[in-house]
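Mapped onto the numbering used here, the consecutive letters of the sequence shown carry residue numbers 6 to 951.
A short write-up of the structure that comes next.
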Amino acid sequence: MRQRIPRFRVRSRTSEPARAAGVLAATAALAAGLLMPLPQAAAAAEPPADHCGDQCSDILPPGANGSATLVEILGHRLLGTKPAHSDDQLAPYDALSSGYGSLTDAGLNSYFQDASFGVPAGQVASVTRPRGDVTITRDKKNGVPHIKGTTRYGTEFGAGYAAGQDRLWLIDLFRHIGRGELTPFAGGAPANQGLEQSFWPQAPYTEEDLQAQVDYILTKQGARGKQAMEDAQAYVDGLNAYRVQAKKGRYFPGEYVLTGKVDAITNIGEIQPFKVTDLIALASVVGGLFGGGGGGEVESALSLLAAQKKYGVEEGTKVWESFRQRNDPETVRTIHDGSSFPYAEKPAKPRGMAMPDAGTVEREPLIFDRTGAAAQKTPAKDPVRASAELRKLQGMHDDGVLPEDLFSAKKGMSNALLVSGEHTASGNPVAVFGPQTGYFAPQLLMMQELDGPGIKARGVSFAGVGMYIQLGRGVDYSWSATSAGQDITDTYAVELCEPNGAAPTRQSTHYRYKGACVPMEKLEKRNAWKPSLADSTAAGSYRLQVFRTHYGIVTHRALSDGEPIAYTSLRSTYRHEADSIIGFQMFNDPGYVKDAESFQRAADHIGYAFNWFYADSRDIAYYNSGSNPVRAEGVDASFPVRAEDAYAWKDFDPAGNTAAYTPMNEHPQSVNQDYYISWNNKQADDYSAADFSFGAVHRGDLLDDRVKELIGDGKVTRASLTQAMAEAAVADLRGEQVLPELLKVIRSQPVTDPHLATAVQQLEAWQKAGTLRNQTAAGSRTYAHTDAVRIMDAWWPLLVEAAFKPGLGDELYTALTGQLGVDEAPSAAHGPTGAHAGSAFQRGWWGYVDKDLRAVLGQEVKGPLARTYCGGGELTACRDALLATLVQAAAEPATAVYPGDEHCKAGDQWCADAIVHRAVGGITHQPIQWQNRPTYQQVVEFPSHR
């Protein structure tokens, strides 16, 4: 096992003077070796060759430019114009959904862009020299910044400067989210309040806590840690240089005016300077959004109690475990060769469990001292006075700058398809992969190329922490990731006490630690806001409060065996979100990553729970990263355990939240399996699922079935692998994987009712056509088989309830659906951006329904549910339940199934599914065809290697 070893988690555009002149005129009119010594960063060596030729492509909608001045925002809202390169990757991204059927390798870059290094001489749009040792060259086609430095400092300074050019407002927004200060910065809209209330308790930090992460990297991570912090400082210096110049030149993002930070006429006001600790706060946001896993043990305890109440302890436990699906033998796996990587398995004899007494659990309060709009159920509006020209922008963020559940709702993110050279036409591996990070405008990711001493990479980074490319390509290799979600978060039950020896209550703020009664640490955040042009929410304020213990943040209070306790949440990456920077630094270093094995070593330095994928001209590889704590023997990671040394993580030190972690060889990993797929599915045999979603039907099946068929035919190409991804991106998982069993049950007897017969025939026709949710032709905005799609959307929640609720009973059904939602259809309001989010079909009851129906039909079921539910296990009764709900679904009009919103009219099926980029700033974009697809995506095939 390992200790926490040192490792960092952590435009062609109008020239800026010309933009400044435009802003001035308009305003007048408008009144961011550990293993070996690092190479010296003084002078650049001869750059290595680009081994991909023209066979690396990528795309990131809507566009590279994520910045707009006030004038540009006004022009967009009044005239429909957009800043250059703000949306030029949107149309090709959208077009793939209609064009994939005829795709060829030669035609790939009609839907992607060339991801070669550098900019051809004839394609240079602009060259900016923020310092003498760095240039930022932007290409004419997409305006992507290509940063080339002769020194390490200059390279990173340029990266920060370019980040300011493309994402200044977004970076500022997210540093405030990371610090729990969104409402004072962006306004008090209810969604803003909800977002900061959901995120800050996950990573509540003081300024000293943030600085401690910097100090840890500097003092504990060797030469690479020191270099990482020098790189971070250079990045921040570049970001600040642009901030100062943009403010002085009046070409800063217009959102600063709209939120009242800077006066449009006088330029009075300030864009606050950035600090390295801001990057730590940003890293905590990235980790919270995409790199966590586990938790929810209190909810699991409550649903287990509900099952035991319904069926008795022994039978109820069996029922609960069958729904929990820790190691479902039928679930799709990334490593499918039978290799086993045991982790967080159910112990034979659990120890230390701290189950709550029934009816005693209370969630820890968070909000106190509400005033003004914060105290109102529906916050009042108090629009500020605005000139006639600016009224078009009034209240543009009244619904919040970001979705309220951005951090609270579980999100499905990212996919990957890789095929070994043994099965490709060229003999070289092919990969199609990318992160599914939602759809925002500007995008959370930023595309760039970094070329300097010890750095050579192109791809994307999260805005504000772009010192290194986080997903992309090197000189002869490419890499990507999917969120893994393995269990790195545990719940502990601390025994409450009173310092004076009095009897404790559930509200006590002291707890037992090593025999002493010690105080909880109270962390507070006082936030106040006032209305602005962008957010009309009336003035208000509140105080956020959490209690921190040696075992994490208090989340609930309860009685356990009659004694008052507090449940705490402890994440292994808490206080260490920034440590992963070392792994990312290695990814970008051509002197370190030279093959699959060195890539896996680099990935092992990333503490976030990610699945990492690698491809070069010879190999494909996979590695699951994460600070997986070594749990005490007998501890069941699915439930709360007592906060005692006997049940704590091995070598746990609460002072810095460090412990022993599972060694590299215990993490799922593989090189040159015939193929790999990942869509946030199970990693390998015995690597226990952290939640209820890894069942017999998973959206990973949409990829696995297609890639398996491809390699069976042989001669896989970039185009054919992209086609497999693109078709899966418009497939309905329920239709493809579960509808066959539904129809078998229904067709077990003749369907005599003419209305039902018509509905069944429509579903069968849709099934025969592939159960796709795609428009009939590019731009038609109408699905083929519209009635079948509507029926399935209306039918699914009805049939699940009809099949399971009678047998489970109201209480247990409610508890289990609280653990795993019934459905994630494209038109539902889930995903990283809320509704219109693209990502769909990750978490739902399709696996339960599939197993249950096969049991009813008498088919083989591996890992069956403990009981058969539909119709009590009787085929005729199950059929009757399905038909009764099908009648209701078929009769439900489109206007009820798709009720409409600010983007779509009621009944518009295509629009209800459509992707809409959530406007984080002042620029908006039109809806595009739904695709369940990575936001940033690479298509790569390296023909050569160093």
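Virtual Cβ for every residue (Gly too), placed ideally from N, Cα, C.
Provide the residue(s) that pair with SER488 in DSSP beta bridges, ordered along the chain.
What you label residue 488 is simply residue 483 of the sequence shown in a count that begins at 1. DSSP, once it has assigned bridges, lists PHE615 as partnering SER488.
Check whether the Cβ atoms of VAL366 and THR496 lie closer than 7 Å to each other.
Counted from its first residue, the sequence shown places residue 366 at position 361. Counted from its first residue, the sequence shown places residue 496 at position 491. For VAL366 and THR496, no; Cβs fall outside 7 Å.
Using DSSP bridges, identify the partner residues of TRP534.
For this step, residue 534 is matched to residue 529 along the sequence shown. DSSP output for TRP534 lists GLY545 as bridge partner(s).
Under the assumption that ALA833 contacts ILE796 (Cβ atoms under 8 Å), give the Cβ distance between them as a whole number of angstroms.
By 1-based counting over the sequence shown, the position of residue 833 is 828. By 1-based counting over the sequence shown, the position of residue 796 is 791. Incorrect: roughly 16 Å between the Cβ atoms, too far for contact.
Please state whether DSSP places LEU422 in a helix, a strand or coil.
Locating residue 422 in the sequence shown gives position 417, counting from the first residue. Correct three-state label for LEU422: strand.
DSSP has GLN943 in a bridge; who is on the other side?
If you number the sequence shown from 1, residue 943 lands on position 938. GLN943 is bridged to ASP63, PHE438.
Return the bridge partner residues of GLU350 from the DSSP annotation.
To locate residue 350, count along the sequence shown from 1; it is residue 345. Its beta-bridge partners do not exist; DSSP assigns none.
Is the separation between the beta-carbon of HIS610 and that of GLY631 shorter than 7 Å?
Residue mapping note: residue 610 aligns to position 605 of the sequence shown, counting from 1. Residue mapping note: residue 631 aligns to position 626 of the sequence shown, counting from 1. No, they are not a contact pair.
Would DSSP call GLY159 helix, strand or coil?
Locating residue 159 in the sequence shown gives position 154, counting from the first residue. DSSP places GLY159 in helix when its eight states are reduced to three.
Can you check DSSP and say which residues form a bridge with LYS280?
In the sequence shown, residue 280 corresponds to position 275, counting from 1. LYS280 has no beta-bridge partner at all, per DSSP.
May I have the straight-line CA-CA distance separating MET452 from PHE699, to the nearest angstrom?
As a working mapping, residue 452 is identified with position 447 in the sequence shown. As a working mapping, residue 699 is identified with position 694 in the sequence shown. Rounded to the nearest angstrom, the two C-alpha atoms are 32 Å apart.
Given ASP656, which residues of its chain have a CB within under 6 Å of its CB, disregarding the five upstream and five downstream residues?
Stepping through the sequence shown from its first residue, residue 656 is reached at position 651. Cβ neighbours of ASP656 beyond the five flanking positions: ALA664, ALA665.
Quick check: GLY148 and SER537, are their CB atoms within less than 7 Å of each other?
For the purposes of this step, residue 148 is taken as the residue at position 143 of the sequence shown. For the purposes of this step, residue 537 is taken as the residue at position 532 of the sequence shown. The Cβ atoms of GLY148 and SER537 do not sit closer than 7 Å to each other.
Could you give the DSSP three-state label for ILE270: helix, strand or coil?
For the purposes of this step, residue 270 is taken as the residue at position 265 of the sequence shown. In this structure, DSSP gives ILE270 a state outside helix and strand, which the three-state scheme calls coil.
Neighbourhood of PRO258 by C-beta, 6 Å cutoff - its chain only, sequence neighbours within 5 removed:
Taking the first residue of the sequence shown as 1, we reach residue 258 at position 253. Cβ within range, chain order: SER72, LEU173, TRP174.
Can you tell me whether DSSP reads PHE445 as helix, strand or coil?
For the purposes of this step, residue 445 is identified with residue 440 of the sequence shown, where counting begins at 1. Strand at PHE445.
Rounded separation between ALA251 and ASP144 - CA only
Here residue 251 refers to the residue found at position 246 of the sequence shown. Here residue 144 refers to the residue found at position 139 of the sequence shown. Going from the Cα of ALA251 to the Cα of ASP144 covers about 22 Å.
What distance in whole Å lies between the Cβ atoms of PRO66 and ALA306, which are believed to be in contact at a cut-off of 8 Å?
The sequence position of residue 306 within the sequence shown is 301, counting from 1. The sequence position of residue 66 within the sequence shown is 61, counting from 1. Cβ atoms of ALA306 and PRO66 stay farther apart than 8 Å, at about 42 Å.
Quick one: what's got a C-beta closer than 7 Å to THR383's C-beta in the same chain, skipping five residues either side?
As a first step, residue 383 must be located in the sequence shown, where it is residue number 378. If we look at THR383 and ignore the five residues flanking it on each side, it has no Cβ neighbours.
Would you tell me roughly how many angstroms separate the C-alpha atoms of PRO408 and GLY490, rounded to the nearest one?
Mapped onto the sequence shown, residue 408 falls at position 403. Mapped onto the sequence shown, residue 490 falls at position 485. C-alpha separation (whole angstroms): 21 Å.
Distance, GLY293 Cα to PRO188 Cα:
Along the sequence shown, read from residue 1 onward, the residue named residue 188 stands at position 183. Along the sequence shown, read from residue 1 onward, the residue named residue 293 stands at position 288. Here residue 188 is Thr; the residue named in the question, Pro, does not match the sequence. Rounded to the nearest angstrom, the two C-alpha atoms are 19 Å apart.
Take TYR158 and list the residues in its own chain whose beta-carbon comes closer than 6 Å to its own, dropping the five residues that flank it on each side.
Translated into the one-based positions of the sequence shown, residue 158 becomes position 153. The residues are ALA239.
Given this structure, state the Cα-to-Cα distance separating PRO361 from ASN633, to the nearest angstrom.
By one-based count along the sequence shown, residue 361 stands at place 356. By one-based count along the sequence shown, residue 633 stands at place 628. For PRO361 and ASN633, the gap between their C-alpha atoms comes out near 26 Å.
State the beta-bridge partners of SER483 as determined by DSSP.
In the sequence shown, residue 483 corresponds to position 478, counting from 1. In the DSSP output, where bridge partners are listed per residue, SER483 has ARG478, ALA620.
When you compare only the Cα positions, how much space is there between ALA30 and LYS87?
For this step, residue 30 is matched to residue 25 along the sequence shown. For this step, residue 87 is matched to residue 82 along the sequence shown. The predicted position of ALA30 is uncertain, since its pLDDT is 42 and thus under 50; a value taken from the coordinates is nonetheless stated next. Roughly 19 Å between the two C-alpha positions.
Reduced DSSP category for THR339 - H, G, I as helix; E, B as strand; rest coil
The residue you call residue 339 lines up with position 334 of the sequence shown. DSSP places THR339 in coil when its eight states are reduced to three.
Residue range of the unbroken alpha helix (DSSP H) whose run includes TYR240:
Taking the first residue of the sequence shown as 1, we reach residue 240 at position 235. Per DSSP, TYR240 belongs to the alpha helix (DSSP H) from 227-254.
Could you pull the start and end residues of the beta strand (DSSP E) that TYR316 belongs to?
Within the sequence shown, residue 316 is the residue found at index 311, counting from 1. Where TYR316 is concerned, there is no enclosing beta strand (DSSP E), although the alpha helix (DSSP H) it sits in stretches over 302-316.
Taking the alpha-carbon of ASP857 as reference, which of GLY843, GLU879, ALA842, HIS841 has the nearest alpha-carbon?
For the purposes of this step, residue 857 is taken as residue 852 along the sequence shown, with counting starting at 1. Looking at GLY843, GLU879, ALA842, HIS841, the one whose alpha-carbon comes closest to that of ASP857 is GLU879.
Between which two residues does the alpha helix (DSSP H) carrying VAL750 extend?
As a first step, residue 750 must be located in the sequence shown, where it is residue number 745. Element bounds for VAL750: 744-751.
For LEU215 and VAL290, I'd like the C-alpha separation in whole angstroms.
Taking the sequence shown and counting its residues from 1, one reaches residue 215 at position 210. Taking the sequence shown and counting its residues from 1, one reaches residue 290 at position 285. Between the C-alpha atoms of LEU215 and VAL290 there is a straight-line separation of about 13 Å.
Assuming ASP857 is part of the beta strand (DSSP E), what are its boundary residues?
Along the sequence shown, one-based indexing puts residue 857 at 852. ASP857 -> not in any beta strand (DSSP E); alpha helix (DSSP H) instead, spanning 851-861.
Grab me the residues of GLY274's own chain with a C-beta within less than 6 Å of its C-beta, minus the 5 sequence neighbours each way, in chain order.
For the purposes of this step, residue 274 is taken as residue 269 along the sequence shown, with counting starting at 1. Excluding residues within five positions, the ones whose Cβ falls inside 6 Å are LYS266, VAL267, ASP268.
Beta-carbon contacts of THR900 that lie in its chain and below 8 Å, excluding the five residues immediately before and after
Counting from one through the sequence shown, the residue named residue 900 turns up at place 895. Excluding sequence neighbours, THR900 sits near ALA911, GLY912.
Nearest-angstrom beta carbon gap, PHE373 and ARG548 [assumed within contact, 8 Å]
What you label residue 548 is simply residue 543 of the sequence shown in a count that begins at 1. What you label residue 373 is simply residue 368 of the sequence shown in a count that begins at 1. So it is a contact: roughly 5 Å between Cβ atoms.
Could you tell me whether the region 674-681 touches the region 710-717, using the rule of 3 or more Cβ pairs below 8 Å?
Contact holds: three or more Cβ-Cβ distances are below 8 Å.
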